[in-house]
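Q:
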Amino acid sequence: MIGSVGAIAVAVAVATSLGGTGIASAAPVPVMPDGGLQEALLNFAAAPDSVRGANDWTCMPNKKHPNPVILLHGTLLNAGANFVRLAPRLRSAGYCAYAFNFGMTTTSAGRLGGLGPITTSAKQLESFVGRVRTATGAPKVDIVGHSQGGNVPMWWMKKLGGAAQVAHYVGWAPSSHGTTFNGLFTLAQALDTSGFSVGLARSLQFTGMLEQMTTSTYTKELWADGDQVPPGPRYTTVITTHDAVVTPYQSQRLRGADVNNIILQERCPADPTGHTFMFLDGPTIDLTMNALADGPDNYQPRCGDYSPIPAL
Numbered sequence: 043m044i045g046s047v048g049a050i051a052v053a054v055a056v057a058t059s060l061g062g063t064g065i066a067s068a069a070p071v072p073v074m075p076d077g078g079l080q081e082a083l084l085n086f087a088a089a090p091d092s093v094r095g096a097n098d099w100t101c102m103p104n105k106k107h108p109n110p111v112i113l114l115h116g117t118l119l120n121a122g123a124n125f126v127r128l129a130p131r132l133r134s135a136g137y138c139a140y141a142f143n144f145g146m147t148t149t150s151a152g153r154l155g156g157l158g159p160i161t162t163s164a165k166q167l168e169s170f171v172g173r174v175r176t177a178t179g180a181p182k183v184d185i186v187g188h189s190q191g192g193n194v195p196m197w198w199m200k201k202l203g204g205a206a207q208v209a210h211y212v213g214w215a216p217s218s219h220g221t222t223f224n225g226l227f228t229l230a231q232a233l234d235t236s237g238f239s240v241g242l243a244r245s246l247q248f249t250g251m252l253e254q255m256t257t258s259t260y261t262k263e264l265w266a267d268g269d270q271v272p273p274g275p276r277y278t279t280v281i282t283t284h285d286a287v288v289t290p291y292q293s294q295r296l297r298g299a300d301v302n303n304i305i306l307q308e309r310c311p312a313d314p315t316g317h318t319f320m321f322l323d324g325p326t327i328d329l330t331m332n333a334l335a336d337g338p339d340n341y342q343p344r345c346g347d348y349s350p351i352p353a354l
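Given below as structure tokens:
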């Protein structure tokens, strides 16, 4: 994949002014190369709160991309690692992107996210969305979440009224309907053997992980009022048949009036990507960019440039 960050090329993209609407004209945006596995590993350990392309609090939405994009990491990951590929891609395309670490506990060591109660993480998201909207003046945000990062906003939207503040939701293998205990163990094991040190988290004695079980009180309460997602946002899920973490993979599908459930292997049959490293998968990134841009539901991504660590 990609090693160190190369020289930054400059692309000129000038948009027309909106004249007094409060949304800025698009200024020239630096083109950032996508990050890869090496950068993810480095950020995981040394820069868990920072990722290229995100959290420029001077960034202002523009006519083409009026919604700030909030990025939510998966369990045992952090913002620095989980979005090394998407955040630079978003910034290069002219989006304002933001990421933060949720669910941190005393055993997280500042790196292992998603260990705290999901309901608490949802309130952290609510606060962060408020901060982003205040800084940008945007009435709505877009959300991209991986695994538990797709679950946390579901509680916020369904239970805390957050749907009215969301234009697009994109879930990468979201755990909203839960998974099995074996799936959670597989996640911890996969990260540990791939270079991410998860330490004590392998014992699975953490609320945010256990609440993602299919049989948990949290999962049952999330859908107690029905299995439909709240109206308002446009929902997209990106699902891989090779998922061994959120199982069965069919459970990741959402139901509602404006939902597009995408199976990676129906678009790219040779894509070997599993759950854990979807964030490095080329077709997953392409499908995400298409969804945020209101592209066609049947969009065909470029097949190839798959995750360097498949089937985990």
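Here the working numbering runs 42 ahead of the position in the sequence shown, where the first position is 1. Every residue gets a Cβ at the ideal spot worked out from N, C-alpha and C, and that includes glycine.
(1) Assess, as a yes-or-no matter, whether the region 211–224 is touched by the region 284–296 under the definition of 3 or more beta carbon pairs within less than 8 Å.
(2) Look up T117 in the DSSP assignment and say whether it is helix, strand or coil.
(3) Can you have a look at T100 and say buried or exposed, based on whether 16 or more other CB atoms are within 10 angstroms of its CB?
(4) Of the choices L113, A335, R153, T149, whose alpha-carbon is the least far from that of F142?
(5) For G187 and T330, I'd like the C-alpha separation in whole angstroms.
(6) What's the gap between the Cα of N104 and the Cα of P181?
(7) Please state the DSSP three-state secondary structure of D328.
(8) At which residue ranges does the region 271–322 contain complete alpha helix (DSSP H) runs of 4 or more residues, listed in the order of the chain?
(9) Leaving out five residues before and five after P130 in sequence, what residues of the same chain have Cβ atoms less than 7 Å from its Cβ?
(10) With the cut-off set at 8 Å, would you say W197 and L264 are in Cβ contact?
(11) Give me the residue from H317, V194, K106, S169 with the minimum Cα distance to E253.
(12) Taking the alpha carbon of D313 as the point to measure from, which residue in D339, V280, Q292, P338 has its own alpha carbon closest?
(13) Please determine, among A209, F321, T256, the residue with the shortest C-alpha to C-alpha distance to L128.
(14) In the structure shown, what three-state DSSP assignment does A209 receive?
(15) Take the Cβ of Q292 as the centre, count every other Cβ of all protein chains shown within 10 Å, and call the residue buried at 16 or more, exposed below.
(16) So what does DSSP say about N193, is it helix, strand or coil?
(17) Quick one: what does DSSP say T221 is sitting in, helix, strand or coil?
(18) If we ignore side chains and look at the alpha-carbon of each, how far apart do A205 and D300 end up?
(19) By the 10 Å Cβ neighbour count, where 16 or more other Cβ atoms means buried, how is R133 classified, buried or exposed?
(20) Just grab the DSSP bridge partners of A141 for me.
(21) Might you give, ordered along the chain, the residues of its own chain that have their beta carbon closer than 7 Å to the beta carbon of D339, omitting 5 neighbours on each side?
(22) Thinking C-alpha only, which one of T178, L229, M199 is nearest P108?
(23) Following the continuous alpha helix (DSSP H) through V174, name the residue where it begins and the one where it ends.
(24) So what does A96 bridge to, in DSSP terms?
(25) Distance, Cα to Cα, L334 vs G145?
(26) Tell me, please, which residues DSSP counts as bridged to I185.
(27) Under the three-state reduction of DSSP, which class applies to N340: helix, strand or coil?
(28) Identify which residue in D328, D336, G337 has its Cα closest to the Cα of T348.
(29) I need the boundaries of the beta strand (DSSP E) containing P103, first residue and last residue.
(30) In three-state terms, what does DSSP make of P72?
A: The relevant details are as follows:
(1) At 8 Å Cβ cutoff, the stretches touch.
(2) DSSP places T117 in coil when its eight states are reduced to three.
(3) When all chains shown are included, T100 counts as exposed.
(4) Measuring from the Cα of F142, the nearest candidate turns out to be L113.
(5) Distance from the CA atom of G187 to the CA atom of T330, rounded to whole angstroms, is 10 Å.
(6) Taken atom to atom, the span from the alpha-carbon of N104 to that of P181 is near 13 Å.
(7) Correct three-state label for D328: helix.
(8) The qualifying runs are 306–309.
(9) Same-chain partners within the cutoff: M74, P75, D76, G77, R94, G95.
(10) Going by C-beta atoms, W197 is nearer than 8 Å to L264.
(11) Of the candidates H317, V194, K106, S169, V194 places its Cα closest to the Cα of E253.
(12) Comparing Cα positions, the closest option is V280.
(13) With distances taken between Cα atoms, L128 lies closest to F321.
(14) A209 falls in the strand class under three-state DSSP.
(15) The residue is exposed, with fewer than 16 neighbouring Cβ atoms inside 10 Å.
(16) In the three-state reduction of the DSSP assignment, N193 falls in the helix class, which pools H, G and I.
(17) Three-state result, T221: strand.
(18) Approximately 13 Å between the Cα atoms of the pair.
(19) Buried, because 16 or more other Cβ atoms sit within 10 Å of the Cβ of R133.
(20) Looking at the DSSP output, A141 shares a beta bridge with L113.
(21) Close CB contacts of D339 within its chain, under the 7 Å cut and outside five residues either way in sequence, are with N302 (chain order).
(22) Per the Cα distances, T178.
(23) First-last of the alpha helix (DSSP H) with V174: 160–178.
(24) In the DSSP output, where bridge partners are listed per residue, A96 has A139.
(25) Approximately 26 Å, taken between the alpha carbons.
(26) Listed as beta-bridge partners of I185 by DSSP are I112, Y211.
(27) Note: N340 maps to coil in three-state DSSP.
(28) Sequence inspection shows Tyr at residue 348; the Thr mentioned does not correspond to that position. Among D328, D336, G337, the Cα nearest to that of Y348 is on D328.
(29) For P103, there is no enclosing beta strand (DSSP E), as DSSP gives it neither H nor E.
(30) Residue state, collapsed to three classes: strand.
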